[in-house]
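Which chain is which? The protein sequence lines are H and B, in order.
Counting from 123, one number per residue, gives the positions in the first sequence under our numbering.
Counting from 123, one number per residue, gives the positions in the second sequence under our numbering.
Remarks on the structure that follows.
Protein chains: 2
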Amino acid sequence: MTTPGRGLHGHVLDTLGPAITAGEYPPGSVLRTDELAQQFDVSRSVMREAVRVLESMHLVESRRRVGVTVRPKSEWNVYDPQVIRWRLAGADRPHQLRSLTVLRSAVEPVAAGLAAKNATAQQCAELTECALGMVANSRGHRLEQYLFHDVAFHRVILNASGNEMFARLGDVVAEVLTGRTHHEVMFEDPDPAAVTLHVKLAEAVREGDAARAEELTREITVGALQELDILAP
Amino acid sequence: MTTPGRGLHGHVLDTLGPAITAGEYPPGSVLRTDELAQQFDVSRSVMREAVRVLESMHLVESRRRVGVTVRPKSEWNVYDPQVIRWRLAGADRPHQLRSLTVLRSAVEPVAAGLAAKNATAQQCAELTECALGMVANSRGHRLEQYLFHDVAFHRVILNASGNEMFARLGDVVAEVLTGRTHHEVMFEDPDPAAVTLHVKLAEAVREGDAARAEELTREITVGALQELDILAP
DNA sequence: TGTGACAAATAAGTCTGACTTTTTGTTCCC
DNA sequence: GGGAACAAAAAGTCAGACTTATTTGTCACA
Chain H
123 MTTPGRGLHG HVLDTLGPAI TAGEYPPGSV LRTDELAQQF DVSRSVMREA
173 VRVLESMHLV ESRRRVGVTV RPKSEWNVYD PQVIRWRLAG ADRPHQLRSL
223 TVLRSAVEPV AAGLAAKNAT AQQCAELTEC ALGMVANSRG HRLEQYLFHD
273 VAFHRVILNA SGNEMFARLG DVVAEVLTGR THHEVMFEDP DPAAVTLHVK
323 LAEAVREGDA ARAEELTREI TVGALQELDI LAP
Chain B
123 MTTPGRGLHG HVLDTLGPAI TAGEYPPGSV LRTDELAQQF DVSRSVMREA
173 VRVLESMHLV ESRRRVGVTV RPKSEWNVYD PQVIRWRLAG ADRPHQLRSL
223 TVLRSAVEPV AAGLAAKNAT AQQCAELTEC ALGMVANSRG HRLEQYLFHD
273 VAFHRVILNA SGNEMFARLG DVVAEVLTGR THHEVMFEDP DPAAVTLHVK
323 LAEAVREGDA ARAEELTREI TVGALQELDI LAP
């Protein structure tokens, strides 16, 4: 998604970040900058920059004479895309996936309602195109192409809502949908009912029917939640 | 809220962050690390750490031979509490406040519904206590005390939902509520209807009535949205 | 005229070592 | 036992030298 490992400090983050978010260092653990620098075979300046980034994510806290202490999970910036990616790649992936899907179920219906009111003609066209793409790839194990249009569809909805907080959840939704297709058991073709819902949703948005758009999206997200319950009850 | 200006690099951030989020440097602007270091009268290492943090917030991008370029608003990590605070302190505060209130209106009802199912006895007690505190301070210009209980109330709801993504929005809600009381025109006592809604909500959660909790919260957030429309139509 | 390779300039990236500051824990004295 | 002085530890800061990637410009050649 984003460029990984840009520079030495990026490489350090790619290792330390996942380790911390995976709970490899329990909260309260104390790390020393110099020690870490040796372990990763980088200079102190590089390690300091990495620590600063982890600190800005509220994963750790750096204090004089003490060291770099790992913060409890409840204080992490769990909306940071980087943190989300690290956690999705780790052990509590199922738990994380559920949290995010619940978030989707709260946000997307409201976003769809707003999109019905605010979407431009251009966005309506894109939406219909995405829905068409989903239909066209809904059978015959064309999961990859289906996913592509599914992600694009939800991105357009979130953007069309006109709310920047919603729009920025596009990446999160993309991660969740991609994760579902790639990592979870999903050999079968997508649920035809879900495909229909997307087509109808594109329609509702185009017609400016906010209430219907909201309700349809609610059905879509309920489906996503049920899917999780089936896979990991 | 969080400790401001910890160390030199923190001080730099406290100046640069607000400046960038306020649009003082339009997207695409190029900054030079050395130049900034001189301006702020700090060493290059300190400035580099600051830039790294801004980079992790996706406010800027650092590239060799080019410099530190400011990214477009659409790429910022708008869920970063620090970024939220900077923007709330800046010029587009009204716009930001609206975005966040819309987010609340999407998330809180669902969170309340979950809270009704998952809240512990302890949390139910806290909720009732907060509601009582709101009632007790709803008249006689005791805005500060009222705010305190209001913030605590919503935090408990979000925590009790059992969803960590919701729980982490507690700070955001606190900022919005605090901002409303302190910065917006709010000389009058809070709307009695809103107070009643909170009392009823505490009741619904205690009784485990998810549907009612959700509906009551929807009414609360609708009220918050209307309030914004009245203040800045 | 266009194009490709090569060279120069530039700004970030990295490393090192010396020094400062804050915090904590200990010890010693009243 | 409590408080003040002291010592140690780790992060914080700085300055300077060096490396590397990227861009831009130039020049020769087709």
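C-beta atoms are modelled at their ideal positions from N, C-alpha and C, and glycine is treated no differently.
Within chain H, partners of residue i - CB distance below 7 Å
| i | result |
| --- | --- |
| Leu-158(B) | Under the 7 Å cutoff, chain H gives no residues; its nearest Cβ is about 15 Å from Leu-158(B). |
| His-276(B) | Near His-276(B) there are no residues of chain H at all, since even the closest Cβ is about 15 Å away, more than 7 Å. |
| Ser-151(B) | Per Cβ cutoff of 7 Å: no residues; Ser-151(B) is ~20 Å from chain H at best. |
Proximal chain H residues relative to residue i, where beta-carbon distance stays under 9 Å
| i | result |
| --- | --- |
| Arg-154(B) | Neighbours of Arg-154(B) on chain H: none; closest Cβ ~17 Å, over 9 Å. |
Chain-ordered chain B contacts of residue i [CB-CB under 8 Å]
| i | result |
| --- | --- |
| Glu-171(H) | Arg-170, Glu-171, Arg-174 |
| Met-256(H) | Here the premise fails: no neighbours, minimum Cβ distance about 24 Å. |
| Leu-222(H) | Met-287 |
| Ser-167(H) | Ser-167, Arg-170 |
Backbone secondary structure at residue i - three-state DSSP
| i | result |
| --- | --- |
| Leu-338(H) | helix |
| Leu-347(B) | helix |
| Ser-167(B) | helix |
| Tyr-268(H) | helix |
| Gly-139(H) | helix |
| Asp-293(B) | helix |
| Glu-115(H) | Because chain H is modelled from 123 through 355, residue 115(H) falls outside the range shown and cannot be assessed. |
| Val-273(B) | helix |
| Arg-128(H) | coil |
| Gly-262(B) | coil |
| Ala-211(H) | coil |
| Ser-221(H) | helix |
| Met-123(B) | Residue confidence for Met-123(B) is low, a pLDDT of 49 falling below 50, so the modelled location carries little weight; the figure read from the coordinates is stated next. Of the three classes helix, strand and coil, the one that applies to Met-123(B) here is coil, per DSSP. |
| Val-173(B) | helix |
| His-305(H) | coil |
| Ala-241(B) | coil |
| Ser-227(H) | helix |
| Val-200(B) | coil |
For residue i: DSSP bridge partner residues
| i | result |
| --- | --- |
| Val-192(H) | Val-182(H) |
| Leu-153(H) | Val-190(H) |
Reference residue i, options the options, closest by Cα
| i | options | result |
| --- | --- | --- |
| Pro-140(B) | Arg-170(B), Ser-165(B), Gln-204(B) | Gln-204(B) |
| Arg-128(B) | Gly-145(B), Asp-156(B), Ala-172(B) | Ala-172(B) |
| Val-134(B) | Tyr-201(B), Gln-160(B), Ser-151(B) | Gln-160(B) |
| Cys-252(H) | Ala-238(H), His-263(H), Gly-235(H), Phe-270(H) | Phe-270(H) |
| Val-295(H) | Ser-227(H), Asp-163(H), Val-321(H) | Ser-227(H) |
| Pro-216(H) | His-276(H), Ala-315(H), Arg-340(H), His-305(H) | His-305(H) |
| Asn-229(H) | Asp-351(H), Lys-322(H), His-276(H), Met-256(H) | The amino acid occupying residue 229(H) in the given sequence is Val; Asn does not appear at that position. That would be His-276(H), whose Cα lies nearest to the Cα of Val-229(H). |
| His-180(H) | Thr-250(H), Gly-145(H), Lys-195(H), Asp-156(H) | Lys-195(H) |
| Ser-260(H) | Trp-198(H), Asp-311(H), Phe-162(H) | Asp-311(H) |
| Val-278(B) | Arg-302(B), Ala-213(B), Glu-146(B), Gln-245(B) | Gln-245(B) |
| Leu-236(H) | Gly-132(H), Ala-332(H), Thr-339(H), Thr-143(H) | Ala-332(H) |
| Ile-142(H) | Val-175(H), Asp-156(H), Val-168(H), Asp-163(H) | Val-175(H) |
| Gln-348(B) | Ala-234(B), Val-327(B), His-131(B), Arg-302(B) | Arg-302(B) |
| Phe-288(H) | Val-257(H), Leu-225(H), Ile-352(H) | Leu-225(H) |
| Glu-297(H) | Thr-339(H), Ala-274(H), Val-327(H) | Ala-274(H) |
| Gly-132(B) | Thr-250(B), Lys-239(B), Val-164(B) | Val-164(B) |
Between the CA atoms of residue j and residue i - distance to the nearest angstrom
| i | j | result |
| --- | --- | --- |
| Ser-221(B) | Ile-342(B) | 16 Å |
| Pro-149(H) | Arg-209(H) | 16 Å |
| Glu-177(B) | Glu-325(H) | 40 Å |
| Ala-346(H) | Thr-223(H) | 7 Å |
| Asp-272(B) | Thr-318(H) | 42 Å |
| Glu-183(B) | Thr-191(H) | 28 Å |
| Ala-315(H) | Arg-154(H) | 54 Å |
| Pro-231(H) | Arg-166(B) | 47 Å |
| Ala-241(B) | Glu-329(B) | 10 Å |
| Glu-248(B) | Asp-202(B) | 28 Å |
| Ala-335(H) | Arg-170(H) | 48 Å |
| Leu-254(H) | Leu-280(H) | 18 Å |
| Leu-265(B) | Asp-313(H) | 52 Å |
| Leu-219(H) | Leu-291(H) | 14 Å |
| Ala-213(H) | Ala-243(B) | 31 Å |
| Gly-262(B) | Thr-300(B) | 18 Å |
| His-320(H) | Ala-258(H) | 13 Å |
| Asp-156(B) | Leu-138(B) | 14 Å |
| Arg-185(H) | Val-152(H) | 10 Å |
| Val-327(H) | Arg-340(H) | 14 Å |
| Met-144(B) | Met-256(B) | Contrary to the premise, residue 144(B) reads as Ala rather than Met in this sequence. Rounded to the nearest angstrom, the two C-alpha atoms are 35 Å apart. |
| Glu-286(H) | Asn-285(B) | 22 Å |
| Ser-283(H) | Val-200(H) | 23 Å |
Proximal residues of chain H, C-beta to C-beta of residue i below 8 Å
| i | result |
| --- | --- |
| Leu-225(B) | Val-229, Asn-285, Met-287, Phe-288 |
| Asn-199(B) | Tyr-201, Asp-202, Pro-203, Arg-290 |
| Val-232(B) | Val-224, Ser-227, Ala-228 |
Chain B residues whose Cβ lies nearer than 9 Å to that of residue i
| i | result |
| --- | --- |
| His-133(H) | Correct list: empty, because the minimum Cβ distance to chain B is about 14 Å. |
| Ser-260(H) | Neighbours of Ser-260(H) on chain B: none; closest Cβ ~29 Å, over 9 Å. |
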